[in-house]
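Here the structure is laid out as structure tokens; the discussion comes afterwards.
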Amino acid sequence: MKTIGVIVAGVVALFLTIAQFGTAGWTRPPMLNQQHGFRGTGMDVIQTRAGAAEIKAANVAPAPADKVEAGTDKAGAVYENVKVLQDLPVEEFNRLMVSMTEWVSPQQGCTYCHNTENMADDSLYQKRVARRMLQMTQHINTTWKEKHVGEAGVTCYTCHRGNPVPAHVWFDSPSPTRGFVARNNGQNLATPSTGLASLPYTYLQDFLAKPEADQGAIRVNATTALPESPGKPIQSAERTFALMIHMSESLGVNCTYCHNTRAVAEWSQSAPQRTLAWHAIRMVRDLNADYLTPLTGVFPPNRLGPKGDAPKLNCATCHNGQSKPLGGAHVIEAYPELAVAPATTSGPQGVPVPAAQ
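By the working numbering, the letter at position 283 of the sequence shown is numbered 807, and the numbering carries on one by one without gaps.
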């Protein structure tokens with residue numbers, strides 16, 4: 525009986541071994557390797573083919589609305605209270621409104637922003653926010669065309685993806701307190717945005733909230749062999765690493781997408797993507813400071829963060845896990861009205877806004 529048991533056990537072990545090495549569940553999945561830098565430096569983005577296909581399928585640009593025959597009547601002359609795109613022909617204006625509904629509120633329809641009994645009414649905060657977001661889109665497609673977005677451009681769909689609120693927005697992080705004084709110095713909490721590490725979780729508000737060029741300067745090592753001024757604390761390096769993790773996760777890439785493994789800090793040996801990322805950081809600061817933060821008084825309390833701040837954007841808001849948003853599709857070509865440069869004037873609530881187009 526014992527011998528039979530040994531034989532059965534051996535047969536079971538044999539079949540398990542065959543299953544381990546012979547079935548798909550035990551083998552490495554098909555991989556996709558894309559080289560983005562110099563040969564021999566390991567500057568590659570490695571993904572599973574299934575994972576890459578899943579991300580690609582989730583980032584397909586919608587087909588543009590059918591073109592229309594533009595007439596001579598302007599939207600500002602036909603409709604009341606048009607403060608943006610006044611000079612756009614009525615037909616093209618309506619085409620854009622239909623597209624915006626599909627991009628932002630396909631379930632809610634026009635009533636998400638408009639009082640359909642009085643389309644000129646501005647009582648809904650969504651309409652005032654949408655007007656400002658139109659101006660922000662124009663600003664991105666003009667001011668940041670050469671430096672970051674290129675010919676692809678952006679539309680409302682780039683961020684919203686069919687949702688009234690983009691999936692990837694952020695608010696200032698409240699600091700846990702003990703008594704009356706914050707004790708954790710902005711770190712040592714396992715947050716998803718820092719890869720569940722103990723890195724500082726305030727890095728978004730430190731690096732991406734304000735426009736000043738020297739605000740939250742991202743530097744870890746000194747620029748001279750014998751620096752004369754005191755060095756930065758280790759927390760500065762940790763904050764920088766937190767931002768780098770965010771950028772990698774947002775674009776679905778690793779550090780070598782921008783940096784050369786042989787000289788991480790050396791710009792002359794880095795990939796061109798590092799320059800685009802440098803401008804991207806400044807673009808996000810610009811948009812948060814000039815377009816989103818000033819809307820704090822327009823949003824209702826339930827749309828504000830725990831510290832009473834407006835929702836803001838980061839790298840993931842547009843990229844959504846891809847190195848190029850929507851796979852690099854040239855979404856702006858079908859909507860040239862979103863690629864005109866806005867001028868500066870003064871608007872409601874004392875907020876600086878671009879002049880109506």
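Every residue, glycine too, gets a C-beta built ideally from N, C-alpha and C.
Span of the beta strand (DSSP E) holding VAL569?
Residues 568-572.
Count the CB pairs spanning the segment 589-599 and the segment 560-574 that are closer than 8 Å, and state whether there are at least three.
Touching, no.
Excluding the five sequence neighbours on either side, which residues of its own chain have a C-beta within less than 8 Å of the C-beta of VAL653, listed in chain order?
Cβ neighbours of VAL653 within its own chain (closer than 8 Å, five residues either side excluded): LEU819, VAL822, PHE823.
Starting from ASN557, trace the beta strand (DSSP E) in both directions and tell me its first and last residue.
From DSSP, the beta strand (DSSP E) with ASN557 extends over 555-559.
Grab the span of the alpha helix (DSSP H) containing TYR727 for me, first residue to last.
Segment 727-731, the alpha helix (DSSP H) holding TYR727.
Min CB distance SER623 to chain B below 8 Å:
Of the protein chains in this structure there is only one, and it is not chain B.
Could you check whether VAL777 and VAL584 sit closer than 8 Å to each other, using their CB atoms as the reference points?
Contact flag unset, no.
Evaluate GLY874 with the Cβ neighbour count: other Cβ atoms within 10 Å of its Cβ, from every protein chain shown; 16 or more gives buried, anything less gives exposed.
Since pLDDT at GLY874 reaches only 38, below the 50 mark, its modelled position is unreliable, and no value is offered.
For VAL788, which of helix, strand or coil comes out of DSSP?
DSSP places VAL788 in the coil class of the three-state scheme, outside both helix and strand.
Straight-line Cα distance separating SER774 from LEU658:
For LEU658 and SER774, the gap between their C-alpha atoms comes out near 24 Å.
With a threshold of 6 Å on Cβ separation, who are the neighbours of ALA804 within its own chain once the five nearest residues in sequence on each side are excluded?
Excluding positions up to five away in sequence, the list reads HIS672.
Give me the residue from TYR815, PRO735, ALA537 with the minimum Cα distance to ARG806.
With respect to the C-alpha of ARG806, the residue from TYR815, PRO735, ALA537 having the closest C-alpha is PRO735.
Using the rule of at least 16 other Cβ atoms within 10 Å of the residue's Cβ for burial, across every protein chain shown, is GLU604 buried or exposed?
GLU604 comes out exposed.
How many Å lie between ALA766 and LEU732 at the Cα?
So the two alpha carbons sit approximately 12 Å from each other.
Which listed residue (PRO588, ASP696, ILE579) has its alpha carbon closest to that of ASP833:
Minimum Cα distance to ASP833 is reached at ASP696.
DSSP state of LYS848 mapped onto helix, strand, coil:
LYS848 carries a coil assignment under DSSP once its states are collapsed to helix, strand and coil.
Whole angstroms is fine: what's the gap from ASP814's alpha carbon to HIS692's?
Approximately 19 Å, taken between the alpha carbons.
Just mark GLY686 as buried or exposed, buried being the case when its beta carbon has 16 or more other beta carbons within 10 Å.
Exposed, because fewer than 16 other Cβ atoms sit within 10 Å of the Cβ of GLY686.
Just to confirm before moving on: does the CB-CB distance between ALA863 and THR666 stay below 8 Å?
Cβ distance < 8 Å, so ALA863 and THR666 count as in contact.
Which value, in whole angstroms, describes the spacing of the CA atoms of PRO586 and MET621?
PRO586 and MET621 have their C-alpha atoms roughly 15 Å apart.
Could you check if LEU750 is buried or exposed, using at least 16 other CB atoms within 10 Å of its CB as the buried criterion?
Counting Cβ neighbours within 10 Å, LEU750 comes out exposed, since fewer than 16 surround it.
PRO866 (DSSP reduced to helix, strand or coil):
Three-state DSSP puts PRO866 in coil, outside helix and strand.
Within 10 Å of its beta-carbon, does ILE856 have 16 or more other beta-carbons around it, so buried, or fewer, so exposed?
Counting Cβ neighbours within 10 Å, ILE856 comes out buried, since at least 16 surround it.
Are the Cβ atoms of ARG798 and CYS779 separated by less than 8 Å?
No.
Considering only the alpha carbon of each residue, which of PRO866, CYS842, GLN846 lies closest to GLY677?
The shortest C-alpha separation from GLY677 is found at CYS842.
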